[in-house]
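Just so we're aligned, residue 3 is where the sequence shown starts under this note's numbering, counting upward by one. Backbone N, C-alpha and C define an ideal beta-carbon position, used for all residues, glycine too. Worksheet: the structure to be examined is printed underneath.
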Amino acid sequence: MKKLLFAIFSLLCLETAVLAQSYPSPTFNNVTMNGTATIPHAAITGGSISGITSFASPGFASFGNQTQWLKALISCSTDCSQTWSQSTGGGSGLLGATRSSDNSLAGSMAAQGVAGYAINDNATQVQTAYAGYFEARRSAGAGITQGNEIDIVNQGSVVGLDPYNMFSTGTTPGMWISSGRPDVTSGAANATAAIGVVNNNTAFENGLVFHSTALNTTTGEGNAIVMPQKDAVVWFGSAGNKVAAIRSDATTASLRAIFANGVFVLQNLSAVTQHTFTSTGNYSAAGNISAAGTGAMPLYSTIGTGVNAPHMVQGSVVLAAGTATVTLSGSAVYTSSSSYTCTANDATGANAVKVGQTSGTSITFTGTGTDTVQFVCAGS
Numbered sequence: 003m004k005k006l007l008f009a010i011f012s013l014l015c016l017e018t019a020v021l022a023q024s025y026p027s028p029t030f031n032n033v034t035m036n037g038t039a040t041i042p043h044a045a046i047t048g049g050s051i052s053g054i055t056s057f058a059s060p061g062f063a064s065f066g067n068q069t070q071w072l073k074a075l076i077s078c079s080t081d082c083s084q085t086w087s088q089s090t091g092g093g094s095g096l097l098g099a100t101r102s103s104d105n106s107l108a109g110s111m112a113a114q115g116v117a118g119y120a121i122n123d124n125a126t127q128v129q130t131a132y133a134g135y136f137e138a139r140r141s142a143g144a145g146i147t148q149g150n151e152i153d154i155v156n157q158g159s160v161v162g163l164d165p166y167n168m169f170s171t172g173t174t175p176g177m178w179i180s181s182g183r184p185d186v187t188s189g190a191a192n193a194t195a196a197i198g199v200v201n202n203n204t205a206f207e208n209g210l211v212f213h214s215t216a217l218n219t220t221t222g223e224g225n226a227i228v229m230p231q232k233d234a235v236v237w238f239g240s241a242g243n244k245v246a247a248i249r250s251d252a253t254t255a256s257l258r259a260i261f262a263n264g265v266f267v268l269q270n271l272s273a274v275t276q277h278t279f280t281s282t283g284n285y286s287a288a289g290n291i292s293a294a295g296t297g298a299m300p301l302y303s304t305i306g307t308g309v310n311a312p313h314m315v316q317g318s319v320v321l322a323a324g325t326a327t328v329t330l331s332g333s334a335v336y337t338s339s340s341s342y343t344c345t346a347n348d349a350t351g352a353n354a355v356k357v358g359q360t361s362g363t364s365i366t367f368t369g370t371g372t373d374t375v376q377f378v379c380a381g382s
């Protein structure tokens, strides 16, 4: 009797699977069984069968909770899946796991807990293909909700990497994104982007956020974004319109830019400050300042007090009856008669010249006859 019961039950399960592919709602009437058997979501007791329903999708297999709660929230979910699983207890709906110790082939890359592939080869009805898709929804009042989490656990030594040393044995990146694969060369072209961040009806409040202790800063700074020479941070003003960029062309130690409290500094790679800009508008340099165009030089008193925003004016004037007045304009103007000092000499002969600064815009020179006087003024 038990063998007969098992045989009949096996036929019923096979018929149910076949009907689930061909018919949306298979029905069994007047099925008689001797004895009792129980399977998830179906009971066979005595002469009747209850609880056997069609799959919630046209899939070949489904597991776990067979209700259609996901389909009610998201169209083309369980009803479009070949195989699906819904958790019956609020835990993992589907799990994949592997370990490399079960594989004796050295150099193998087969240890993949979960793998997904999409071959977008329909050029007639053009479509979008995804090798993997993840979506998480948070209801009002619910807790932390993440679209995806990747944890990397390193129980060995730390193996570093940089843009010119990416493939050392033992590295532990949390995510690895690559373009192309070595065994696909026919028709291979560059990919559009490694990561695209888009507004799919709502915006992100932040782009990329680093937790305050996520990066190792014991050397003075954490390497948040590491790029090779010639790679740049680029801004676009409109479609196809690149308008600004920051990049490094350096091949040897250069400079680093650092913001501190109330100050912005440029240091060399030995952490020695070379240039300092303050939030109050002051600037200082460890070396010399030069300019191909209009430049500026520091101006100090005899005790080393710096003059704020100094400039110099130089010129010449021809005296008339032993006197001449020069009027300054534009950027040559000084703040007041006492904010600058002028010196002059007689370019015609060995004669004395007297300078009088009557205002920030007017200078009077007194000398001999119609001699030519040269002068230089400095101040603010």
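Pull up the distance between the alpha-carbon of S338 and that of G381, whole angstroms please.
10 Å
Have a look at the DSSP bridge pairing and note the partners of K73.
None, per the DSSP bridge assignment.
Quick one: residues in its chain with C-beta nearer than 8 Å to the C-beta of F383, no 5 flanking neighbours on either side, listed in chain order?
Since the first residue shown for the chain is 3 and the last is 382, residue 383 is missing from the structure and cannot be characterised.
Under three-state DSSP, which class holds T254?
coil
Beta-carbon proximity list for N32, same chain, < 8 Å, skipping 5 on both sides:
At N32, the pLDDT of 47 sits below 50, so the modelled position is not reliable; the number obtained from the coordinates is stated separately. Taken in chain order, the list of residues that qualify is empty.
Between A352, T368, I179, which lies nearest to G358 when the distance is taken from Cα to Cα?
In this structure, T368 is the residue among A352, T368, I179 with its C-alpha nearest to the C-alpha of G358.
Thinking C-beta only, is V155 closer than 9 Å to T173?
Contact: no.
Three-way DSSP call (helix, strand, coil) for D104 in this model
helix
What's the C-alpha gap between T343 and Q269?
36 Å
Excluding the 5 residues preceding and the 5 following G115 in the sequence, name in chain order all residues of the same chain whose CB lies nearer than 7 Å to its CB.
Taking G115 as the centre and dropping the five residues before and after it, the same chain places the C-beta of G98, A99, T100 closer than 7 Å to its C-beta, in chain order.
Nearest to M299 (by Cα), restricted to the options M314, T253, D81, A288:
Looking from the CA of M299, the closest CA among M314, T253, D81, A288 belongs to M314.
Host beta strand (DSSP E) of K232 (start-end):
It is not in any beta strand (DSSP E) - K232 carries neither H nor E in the DSSP assignment.
Is the beta carbon of V355 sitting closer than 9 Å to the one on V375?
yes
What do you get for F57, buried or exposed, if any count of 16 or more other CB atoms within 10 angstroms of its CB means buried?
Residue confidence is low: F57 scores 44 on pLDDT, short of 50, so the model does not pin down where it sits. Its coordinate-derived value is still stated next. Classification of F57: buried, given that the 10 Å Cβ count is 16 or more.
Quick check on DSSP: helix, strand or coil for A259?
If DSSP states are grouped into helix, strand and coil, A259 belongs with the strands.
Quickly, what does DSSP pair S318 with across the bridge? List them, please.
Q376
Output yes or no for whether 9 Å exceeds the beta carbon distance between V228 and P165.
yes
Using a threshold of 9 Å, state whether the C-beta atoms of S87 and S102 are closer than that.
no
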